[in-house]
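Protein chains in written order, with our numbering: chain A, 1 to 151; chain B, 1001 to 1384.
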């Protein structure tokens, strides 16, 4: 199985919501989807390629937007899918994937805590690592976070 | 019967690191659990953004002392992924040797601790004695017992000479015999079996759903090992054999580690046989180009991955670390459910928890009005 077949399978389901799909390395595919289409992409991958392992959910503040990357491993196809979607910094909301991949519960909580992304439908979206007296609304991994008063 | 809350941790004799679990129990049976992690959160991801990628190697391996080789390896591989550096062949084999020595000492450490928690002190003493031989080899190979700083972008730091290679073989042969003996103990001893067989069950389906990793998932019959499915360094040429057990209990997870230690010994011997001569390092680029790098390695506790954003400077823009114990927290919570309170320590130890790994991500006082980096002195002071 190669990366192009994975891209093709997802494109069939997502159509124009799949903004970009490239095989970047022999075992790696980069996919960029519209905001909100990530759930359909994961559903498509699960139904076509069987068991999916979630390596990590990465949030990165790119100053003009926030990029979320779902690093997925397809056990059968042996392909690493970097599923990316962008959120505007003034609207950090996205649907949870905890019902599709139950192993994502803590990862979503971490992204929420560190970057302030609200995962709609998450069963228990509470802070995870930071101390109890951490100020509300201070997202430490944002590039503009003011950390001097807590450090 | 109504349930009561039982708090274990952050400080508790059965926990070797600070962590808190809130168990809901009915009688002796655990019906639900809420983990609270973060007590050893040091803000390493944020701190890595303020360091050059060369300095980053030293900080990355301090995420976890026990599996430091996996961390430095994964970090440099992510950098090499962005820079598209091609490694010298010999360096790939040397990386395998350091990585597997690291795995052997980590697995023996855990198996010894498991012995202790199961009330089998002799096993703990014997296994930790044998672990010392491995620590000595790590010191001779890398220059240090624990944090080894062995991997660098473009290769490794030190080579193996013929004397060390000979001693490696000698110690590995001896250790193999000992491990075969310990395997019999873990497989047959009534004390071990009474405390582990059928305890802390995790079904195959749950292991996949909860994205469990490493020996935890392989103990539930999932055949997933990064060295097998996405080989890095020299694993492709080493005829690696994946270990998995079907039972899904504490016993199976311990047996996976016993067998993996045997396999790691074989891998080291095979690496010594096959290792070509030549350079061990190439000069790395000074700047990480714009772009993304991703690397995943099989750390002793499961797959460890780093995702790095380069910004065309000597420092990275974002480093995301996903450690194996963190990935296994949902799985271990599942294992507790339906079990007895008395089985909590054995169940927890079976994922080989490493909470320093789990708690690492953000926040450090790098900004005090002006942006500045922590000095080494400050870092060491904070560690005390």
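Ideal Cβ placement from N, Cα and C applies to all residues, glycine included.
Please compile the residues from chain B whose C-beta is within a distance smaller than 8 Å of the C-beta of residue i.
i                      : result
residue 101 of chain A : 1209 and 1211
residue 210 of chain A : Here chain A comprises residues numbered 1 to 151, so residue 210 of chain A is not present and cannot be evaluated.
State the beta-bridge partners of residue i as determined by DSSP.
i                       : result
residue 1083 of chain B : Bridge partners of residue 1083 of chain B: none, in fact.
residue 1322 of chain B : B/1305
residue 1023 of chain B : B/1006 and B/1033
residue 80 of chain A   : A/28 and A/73
residue 1313 of chain B : B/1288
residue 61 of chain A   : A/66
residue 1281 of chain B : B/1155
residue 18 of chain A   : A/33
residue 1293 of chain B : B/1308
residue 94 of chain A   : A/119
residue 1216 of chain B : Answer is none; residue 1216 of chain B lacks a bridge partner.
residue 1298 of chain B : B/1303
residue 23 of chain A   : A/29
residue 53 of chain A   : A/73
Along chain B, which residues have their Cβ under 9 Å away from the Cβ of residue i?
i                     : result
residue 75 of chain A : 1208, 1222, 1223, 1224 and 1229
residue 78 of chain A : 1229 and 1230
Run through chain A and tell me which residues come within less than 7 Å of residue i, C-beta to C-beta.
i                       : result
residue 1296 of chain B : 55
residue 1235 of chain B : Those within 7 Å of residue 1235 of chain B in chain A number zero; the least Cβ separation is about 14 Å.
residue 1320 of chain B : 56 and 58
residue 1309 of chain B : 60
residue 1016 of chain B : What residue 1016 of chain B touches in chain A: nothing, since even the nearest Cβ is about 19 Å away.
Starting from the beta carbon of residue i, find every residue of chain A whose beta carbon is closer than 8 Å, and list them in chain order.
i                       : result
residue 1116 of chain B : Simply none; closest approach about 28 Å.
residue 1037 of chain B : 128 and 129
residue 1305 of chain B : 55, 56 and 71
residue 1245 of chain B : Here the premise fails: no neighbours, minimum Cβ distance about 18 Å.
residue 1176 of chain B : Under the 8 Å cutoff, chain A gives no residues; its nearest Cβ is about 31 Å from residue 1176 of chain B.
residue 1326 of chain B : 106
Pick out whichever of the options has its Cα sitting closest to the Cα of residue i.
i                       : options                           : result
residue 1034 of chain B : B/1334, B/1219 and B/1345         : B/1334
residue 1101 of chain B : B/1123, B/1134, B/1208 and B/1126 : B/1134
residue 1296 of chain B : A/55, A/42, A/21 and A/126        : A/55
residue 84 of chain A   : A/124, A/3, A/37 and A/144        : A/37
residue 1343 of chain B : B/1355, B/1326, B/1329 and B/1250 : B/1250
residue 1061 of chain B : B/1038, B/1150, B/1235 and B/1010 : B/1150
residue 1026 of chain B : B/1020, B/1006 and B/1019         : B/1006
residue 1047 of chain B : B/1057, B/1013 and B/1126         : B/1057
residue 1346 of chain B : B/1021, B/1011, B/1052 and B/1192 : B/1192
residue 1355 of chain B : B/1337, B/1341 and B/1322         : B/1322
residue 1271 of chain B : B/1131, B/1209, B/1037 and B/1172 : B/1172
residue 11 of chain A   : A/121, A/122 and A/41             : A/41
residue 1183 of chain B : B/1127, B/1003 and B/1277         : B/1127
residue 1244 of chain B : B/1137, B/1231 and B/1302         : B/1302
residue 1009 of chain B : B/1024, B/1030 and B/1036         : B/1036
residue 1320 of chain B : B/1196, B/1293, B/1181 and B/1332 : B/1293
residue 63 of chain A   : B/1216, B/1252, B/1020 and B/1311 : B/1311
residue 150 of chain A  : A/131, A/112 and A/47             : A/131
residue 1265 of chain B : B/1103, B/1030 and B/1003         : B/1103
residue 1109 of chain B : B/1252, B/1066 and B/1122         : B/1066
residue 73 of chain A   : B/1211, B/1221, B/1339 and B/1252 : B/1211
residue 144 of chain A  : A/45, A/65 and A/81               : A/65
Pop quiz: residue i and residue j are said to be a contact at Cβ under 8 Å. What is the actual Cβ separation, rounded to whole angstroms?
i                       : j                       : result
residue 60 of chain A   : residue 51 of chain A   : Rounded, the Cβ-Cβ distance is 27 Å, inconsistent with contact.
residue 1255 of chain B : residue 1093 of chain B : The Cβ separation is near 28 Å, so there is no contact.
residue 1213 of chain B : residue 1328 of chain B : 6 Å
residue 53 of chain A   : residue 75 of chain A   : 6 Å
residue 119 of chain A  : residue 94 of chain A   : 6 Å
residue 1330 of chain B : residue 105 of chain A  : 6 Å
residue 1096 of chain B : residue 1234 of chain B : 5 Å
residue 1098 of chain B : residue 1052 of chain B : Incorrect: roughly 23 Å between the Cβ atoms, too far for contact.
residue 1230 of chain B : residue 2 of chain A    : Not really, about 15 Å apart at Cβ, beyond 8 Å.
residue 13 of chain A   : residue 44 of chain A   : 4 Å
residue 1030 of chain B : residue 1336 of chain B : 5 Å
Name the chain B residues whose beta carbon is nearer than 7 Å to that of residue i?
i                      : result
residue 27 of chain A  : 1230
residue 105 of chain A : 1330
Could you confirm whether any beta carbon from chain C is found closer than 8 Å to the beta carbon of residue i?
i                     : result
residue 98 of chain A : Looking at the structure shown, chain C is missing, and the protein chains on hand are A and B.
Does at least one heavy atom of the ligand FMN sit under 7 Å from the Cβ of residue i?
i                       : result
residue 1013 of chain B : The model on display carries no ligand, and the ligand FMN is accordingly not part of it.
Just to make sure I have the definition right: I need the residues of chain A whose C-beta is within less than 9 Å of the C-beta of residue i. Which are they?
i                       : result
residue 1071 of chain B : By Cβ distance, chain A contributes nothing, its closest Cβ being about 15 Å from residue 1071 of chain B, past 9 Å.
Open item on the list: Would the segment 1281 to 1296 of chain B count as touching the segment 1153 to 1172 of chain B if we require 3 or more Cβ pairs under 8 Å?
Closed with: These segments touch.
TODO: Check whether the segment 1338 to 1356 of chain B touches the segment 1102 to 1115 of chain B, counting contact only when three or more Cβ pairs, one atom from each stretch, lie closer than 8 Å.
DONE: Inter-segment contact for the segment 1338 to 1356 of chain B and the segment 1102 to 1115 of chain B is present: three or more beta-carbon pairs are separated by less than 8 Å.
TODO: Determine, using beta-carbon pairs with one atom in the segment 1251 to 1271 of chain B and one in the segment 23 to 37 of chain A, whether at least three such pairs fall under 8 Å.
DONE: With a cut-off of 8 Å, the segment 23 to 37 of chain A and the segment 1251 to 1271 of chain B do not count as touching, because too few Cβ pairs lie within range.
TODO: Mind the definition here: the segment 1063 to 1082 of chain B touches the segment 1302 to 1319 of chain B only if three or more C-beta pairs lie below 8 Å; say whether that holds.
DONE: Yes, they touch.
Open item on the list: Counting beta carbon pairs with one atom in the segment 1285 to 1293 of chain B and one in the segment 1159 to 1175 of chain B, are three or more of them shorter than 8 Å?
Closed with: Segments in contact, no.
TODO: Please determine if the segment 123 to 134 of chain A and the segment 1016 to 1030 of chain B are in contact, where contact requires at least 3 C-beta pairs separated by less than 8 Å.
DONE: These segments do not touch.
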